[in-house]
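Undergrad: Note that the protein sequences, when read in sequence, are chains A and B.
Note that the numbering used here has the first sequence beginning at 27, numbered continuously upward.
Note that the numbering used here has the second sequence beginning at 5, numbered continuously upward.
Every residue gets a Cβ at the ideal spot worked out from N, C-alpha and C, and that includes glycine.
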Amino acid sequence: MVVLRDVLAAIGRDPVANPLVPFGDLTGLHYGRFVILDGAVDPGTGRTVASSLVFNCCVDGPADQFLQALMARAGSGLWAVFQHCSGAPAPGEHGELLAWLRRHRIPTQTFYVNTLGRTVFQILKEAQLRERIEGFLDRKAGSTTTATSPSTVRKAIQQFVRGTNDLAWAMRPEPPLPWAWRLRDGLHRIGGLAVGLLVGLLALPFVPLFLVVLRRSEINAPHPRQDPNFRLSQFNRRQLSQDEDFFIQNQFSVLGFIKPGLFRYATLRAILVVADFVVHHFFREGDLGTVPLLNLHGVDTIHFANWIVVDQGQRVLFLSNYDFNLEDYMNDFINKVAWGLNLIFGHGVNYPRTDWMVFGGARDEQVYKAVLRKYQIRTQVWFCAYPDFSAITIQKNAQLRAGLFAELDSAAERDWLALL
Amino acid sequence: MSPPEPAMKLELFDIQGIVGRGYGKHSSAAYLLLEVEAPALARRWLAEKVERVHTCEQTPDPDVPCFNIAFTHAGLEALGLDAEALNTFPSELKEGMTEPQRSRALGDESGAADPESSPRHWDWGGTAAGQRPVHLMLMVFAPSEADLATTIAELSVLLRPGGLTLVRRLHTALLADREGGVREHFGFRDAISQPGIAGLHRTTSGQPLVPAGEFILGYENAYGLLTECPRVHHSLDPDRLLPPAEFGTHDLGRNGSYLVVRQLGQRVRAFWQFLDAVSRDPDGVANPQRRVALAARMVGRWPSGAPLVESPIEDDPTRATDNSFGFHQSDPQGLRCPLGAHIRRSNPRDSLDPAPGTAASLAVNATHRLLRRGRTYGPPLSTTFDPDEILRADEGDERGIHFICVNANITRQFEFVQRSWINNSQFDGLLDETDPLLGTRRLPTGRTTDTFSVPGCPVRQRISGLPTFVVVRGGAYFFLPSISAIRYLASLNS
């Protein structure tokens, strides 16, 4: 494990271009990370969970295609990492390692993507487009006066883009996702809603029983407010913060035990299934948790997030890639989507006490913040293809490109120029 | 809209005066930074002084000098506070302002090779070898410089026999303008917008009152909760000097707060030189009108104090102290007051999420307020604050502001404002720019953030190459105890 930590530290020092796993060379990779999950004793059952290593990548296109490309580019580097895992094949053919990795692939129960279908390539080239247009405007500043009309400025920008060879791609809008994918996705949505409705109807008679059991569990479970030391602690802050606040984006990995008993486990699994469906179909355009009908305001600072049940259902690993710093992130969630945090994390050991699964919980501000730090673990390697851009900036860049050659009326034209 | 009166009446007699007021009528002030050398003597000195610490209950007599006192975590330790109790203070106080990761997050250790604001270069509170530790800060206010000197002399007579050494004296000099306000060195009226504390202040200067717990420990904060307090085991407080708290402890924090102190050096001439250069006419002739208009856009107010959202075209001294405005309704795109202007970053009011322009946004904003209690120092470059005069002057002396703010949760209030608003290079949808006055010009990764955009029609104007106008010269986090907590500290025996 010591050697493994050293290997990961070497990769982590320069995730983009290190010789072992040069993440920067891999096309279509948004995020990559290695995280060691230290073994622990389940406080509920007393069972021991062994240590493990997690390798997580958020990619464009099919995962298997990415794995093959990864193996081709960084096969020996991956050997250097995975040889420390029990059961890993002996050094040899990359094919064997690839097969081993496939066998050890575990599903993500809930996968959140800020904007579905937006590729790394698109994000990077649209950021470049923005930079070039801003530069063009800076150079032209002397010749633009308040008397210049918006459409004149926009035309000048269009002309600049037309006249710049390496921006030729920007003259066409981003192609939509393939029709076959959209068809499958549409059917998935309809089918999912139908199944959800059916299961919901079947479960209806059991709701009172569920609520009784839930409430008993909430009242009886120990919670961190009862622990004087817990509340004041920013557990491991110094150790964890050494990896934070370099870029606009940050990451964290959180690992915790599920509260003991089948009830909590089953409820959480069901919620993760529903959450996966809901974020995929309804929160896919940058706003996690915005429900205008319920006057709920969402969070627009999360890029990718994974909820993964690990260790034979004993622990849950949560991986997040978000904007700004952790205090921001926590405040955002407490202020806007505490209900969503409670629904999922409320089933974890030591989470601040929830009421009826959605109330309370994260609204206990300082206790929630202490809980997050307590269960946060160090991410040994974190790679992001665009760490300098917030989700809002990426969104603005996309709007800039989408409107560049679109038909716009004069009001829309002014709004478009305000993106700059 | 404004929060209800706190469920519990504020115990004003136990709260130090600086929480409630800035002692503005005391024209002279100094901050004495002290080191504890002999704890027993220091405690005795403290016991003698505690009854004279000015409280919120007393009306300050502008003719009578008064003082307040604050302690760093190291200072509490030096006085002999029990280790377990020391451990109940929040991380930021324990680790201090100069903990390396924190310095990076605050922007003091920015991406430059040898950042000027690095704690390695600080005059006090920094990390340079041989620098004396700061344990206590005595804030002394007096009606005149002569009275100030007398009071300090009187307080200092007993310093050495009191086991205390003066590490540094921070001088201050209020910059009064002809309109009866105070200015900061760049020439702008300052201290206009202050949060009002529910249960203590009546005037709200046009903004909703903020729950007392945001500034005073022991009362409900903006989340309707009690901010965690430092505490001591009941066995360590046999005389019951402190009120009882949960878990068999006594409350060391109640009626206390935290102070953030940062000495910010201002490069006044460089500021106006830069503005002068970028606002000239195409033929190279200086354009004073455009110069001051651009400066106002960086600040968000005109030199008189008039807010740009209300007087976007020119200064309007009749609006000098206007504070009853929001940003979102009248100026969502920043066409009047740029999104990145200093006052819009340091107090965005209703302009940010969850729903700009609504009470929900104001409620979130209320969780990030600071009560500013600092004072300027150093002679002004021009007594009339006239930019032309400043440009002709010689930068010479060191000048700036001793930024002091009161807050109950340093991480959620001061540090949040500094990191997530002032130094956030993508604040409110902006790109590659930080606060035009205070911001760092380079991220830890080396990416430059030295632009400032002025939204406009047909399109924004972007100023680039902003130099650093403000350099951090020193700083520390302090605990501002209640009167009873000072009595408790004075009673310790180790």
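#1: With distances taken from CA atoms, which of A/N376, A/R310, A/G386 is nearest A/Q421?
#2: For B/L142, list the residues DSSP reports as bridge partners.
#3: Which of helix, strand or coil does DSSP assign to B/M5?
#4: When DSSP labels each residue in this structure, what does B/S306 get in the three-state scheme?
#5: Would A/Q392 count as contacting chain B if we go by Cβ distances under 8 Å?
#6: Would you say A/G168 reaches chain B, if we count a Cβ-Cβ gap shorter than 8 Å as a contact?
#7: Considering only C-alpha positions, which residue in the set B/R348, B/A195, B/P462, B/L395 is nearest to A/W442?
#8: In the stretch 83-114 of chain A, which residue ranges form an unbroken alpha helix (DSSP H) of at least 4 residues, counting only runs that do not cross its ends?
#9: Determine, using beta carbons only, whether A/H4 comes closer than 8 Å to chain B.
#10: What whole-angstrom Cβ distance do B/G309 and B/H332 have, given they're in contact under 8 Å?
#11: Mapping DSSP to helix, strand and coil, what is A/Y57?
#12: Using a Cβ cut-off of 8 Å (strictly closer), state whether A/I159 contacts chain B.
#13: Using DSSP bridges, identify the partner residues of A/V335.
#14: At the level of alpha carbons, what is the spacing between A/V80 and B/A494?
#15: In this structure, how does DSSP classify B/A51 when only helix, strand and coil are distinguished?
#16: Does any CB atom of chain B fall closer than 8 Å to the CB of A/F350?
#17: With a 10 Å radius around its C-beta and 16 neighbouring C-beta atoms as the bar for buried, classify A/D349 as buried or exposed.
#18: Any idea which residues DSSP pairs B/W128 with across the strands?
#19: Verify whether the separation of the beta carbon atoms of A/A76 and A/G87 is less than 8 Å.
#20: With a cut-off of 8 Å, do at least 3 Cβ pairs link the stretch 456-472 of chain B to the stretch 55-68 of chain B?
#21: Taking buried to mean at least 16 other C-beta atoms within 10 Å of its own C-beta, is B/Q422 buried or exposed?
#22: Name the DSSP bridge partner or partners of A/V317?
#23: Hey, B/A74 and B/L263: beta-carbon distance below 8 Å or not?
#24: Which value, in whole angstroms, describes the spacing of the CA atoms of A/P201 and B/V476?
#25: Kindly list the residues whose CB is nearer than 8 Å to the CB of A/R379, restricted to its own chain and excluding five residues on each side of it in sequence; keep chain order.
#26: With C-beta atoms as the reference, is B/R379 less than 8 Å away from B/T176?
#27: To the nearest angstrom, report how far apart B/R445 and A/R156 are at their CA atoms.
#28: Using only alpha-carbon positions, find the residue among A/G374, A/P69, A/L314, A/V336 that is nearest to A/K362.
#29: Are the CB atoms of B/F278 and B/P119 nearer to each other than 8 Å?
#30: Who are the neighbours of A/T172 on chain B, taking C-beta pairs under 9 Å?
#31: Comparing C-alpha positions only, which one of B/V282, B/G269, B/R273, B/R340 sits nearest to B/W306?
#32: For chain A, find out if any of its Cβ atoms is closer than 8 Å to the Cβ of B/V186; answer yes or no.
#33: Taking all protein chains shown into account, decide if B/R416 is buried (16 or more other Cβ within 10 angstroms of its Cβ) or exposed.
#34: Under the DSSP definition of a beta bridge, which residues are partnered with B/L174?
#35: Go through the stretch 241-299 of chain B residue by residue and report every complete run of the alpha helix (DSSP H) that reaches 4 residues or more, in order.
#36: Measuring only between beta-carbons, confirm whether A/V336 sits less than 8 Å from chain B.
TA: Per the coordinate set shown:
#1: The residue labelled residue 421 of chain A in the question sits at position 395 within the first sequence. Minimum Cα distance to A/Q421 is reached at A/R310.
#2: Here residue 142 of chain B refers to the residue found at position 138 of the second sequence. For B/L142, which the question treats as bridged, DSSP gives the partners B/L36, B/I73.
#3: Indexing the second sequence from 1 puts residue 5 of chain B at position 1. Low confidence applies to B/M5: its pLDDT is 39, below 50, so where it sits in the model is not reliable, and the reading given next is rough at best. Here B/M5 sits in coil by DSSP.
#4: Within the second sequence, residue 306 of chain B is the residue found at index 302, counting from 1. Sequence check: residue 306 of chain B is Trp here, not Ser. Looking at B/W306 - three-state DSSP - the assignment turns out to be coil, as it is neither helix nor strand.
#5: The residue you call residue 392 of chain A lines up with position 366 of the first sequence. Yes, because at least one Cβ of chain B sits closer than 8 Å to the Cβ of A/Q392.
#6: Counted from its first residue, the first sequence places residue 168 of chain A at position 142. So yes, A/G168 belongs to the interface.
#7: Here residue 442 of chain A refers to the residue found at position 416 when the first sequence is read from its first residue. For the residues B/R348, B/A195, B/P462, B/L395, the minimum Cα distance to A/W442 belongs to B/P462.
#8: The qualifying runs are 89-108.
#9: For chain A, the structure presents residues 27 to 446; residue 4 of chain A sits outside this window and is missing.
#10: Sequence index remark: in the second sequence, residue 309 of chain B carries index 305 (1-based). Sequence index remark: in the second sequence, residue 332 of chain B carries index 328 (1-based). With a Cβ gap of about 21 Å, B/G309 and B/H332 do not count as contacting.
#11: Locating residue 57 of chain A in the first sequence gives position 31, counting from the first residue. Three-state DSSP puts A/Y57 in a strand.
#12: By one-based count along the first sequence, residue 159 of chain A stands at place 133. Chain B contact via Cβ: absent.
#13: The residue given as residue 335 of chain A occupies position 309 in the first sequence. Looking at the DSSP output, A/V335 bridges to A/V342.
#14: Position 54 of the first sequence holds residue 80 of chain A. Position 490 of the second sequence holds residue 494 of chain B. So the alpha carbons of these two residues sit roughly 53 Å apart.
#15: Within the second sequence, residue 51 of chain B is the residue found at index 47, counting from 1. Helix at B/A51.
#16: Walking along the first sequence from the start, residue 350 of chain A turns up at place 324. Output row for A/F350: interface = yes.
#17: As a first step, residue 349 of chain A is located in the first sequence; it is residue number 323 there, counting from the start. Buried.
#18: In the second sequence, the residue the question calls residue 128 of chain B occupies position 124. B/G478, per the DSSP bridge assignment.
#19: Residue mapping note: residue 76 of chain A aligns to position 50 of the first sequence, counting from 1. Residue mapping note: residue 87 of chain A aligns to position 61 of the first sequence, counting from 1. It is not a contact, given that the beta carbons lie outside the stated cut-off.
#20: no
#21: Residue mapping note: residue 422 of chain B aligns to position 418 of the second sequence, counting from 1. Buried.
#22: Walking along the first sequence from the start, residue 317 of chain A turns up at place 291. Beta-bridge pairing links A/V317 to A/L322.
#23: The residue labelled residue 74 of chain B in the question sits at position 70 within the second sequence. The residue labelled residue 263 of chain B in the question sits at position 259 within the second sequence. The answer is yes: Cβ separation under 8 Å.
#24: Counting from one through the first sequence, the residue named residue 201 of chain A turns up at place 175. Counting from one through the second sequence, the residue named residue 476 of chain B turns up at place 472. C-alpha separation (whole angstroms): 50 Å.
#25: One-based indexing of the first sequence puts residue 379 of chain A at position 353. The residues are E244, A247, H249, R251, G386, G387, D390.
#26: Indexing the second sequence from 1 puts residue 379 of chain B at position 375. Indexing the second sequence from 1 puts residue 176 of chain B at position 172. The answer is yes: Cβ separation under 8 Å.
#27: Counting from one through the second sequence, the residue named residue 445 of chain B turns up at place 441. Counting from one through the first sequence, the residue named residue 156 of chain A turns up at place 130. Between B/R445 and A/R156, the C-alpha separation is close to 20 Å.
#28: In the first sequence, residue 362 of chain A corresponds to position 336, counting from 1. Of A/G374, A/P69, A/L314, A/V336, the residue nearest in Cα terms is A/L314.
#29: The residue you call residue 278 of chain B lines up with position 274 of the second sequence. The residue you call residue 119 of chain B lines up with position 115 of the second sequence. Not in contact: B/F278 and B/P119 (Cβ atoms no closer than 8 Å).
#30: Mapped onto the first sequence, residue 172 of chain A falls at position 146. Those within 9 Å of A/T172 in chain B are G460, C461, P462.
#31: As a first step, residue 306 of chain B is located in the second sequence; it is residue number 302 there, counting from the start. Of the residues B/V282, B/G269, B/R273, B/R340, the one whose Cα lies closest to the Cα of B/W306 is B/R340.
#32: Counting from 1 along the second sequence, the entry for residue 186 of chain B is found at position 182. By this cut-off, B/V186 is not an interface position.
#33: Here residue 416 of chain B is taken as the residue at index 412 of the second sequence, counted from 1. Buried, because 16 or more other Cβ atoms sit within 10 Å of the Cβ of B/R416.
#34: By 1-based counting over the second sequence, the position of residue 174 of chain B is 170. According to DSSP, which records beta bridges pairwise, B/L174 is partnered with B/Y35.
#35: 272-282
#36: Along the first sequence, read from residue 1 onward, the residue named residue 336 of chain A stands at position 310. False, the Cβ-Cβ gap to chain B never drops below 8 Å.
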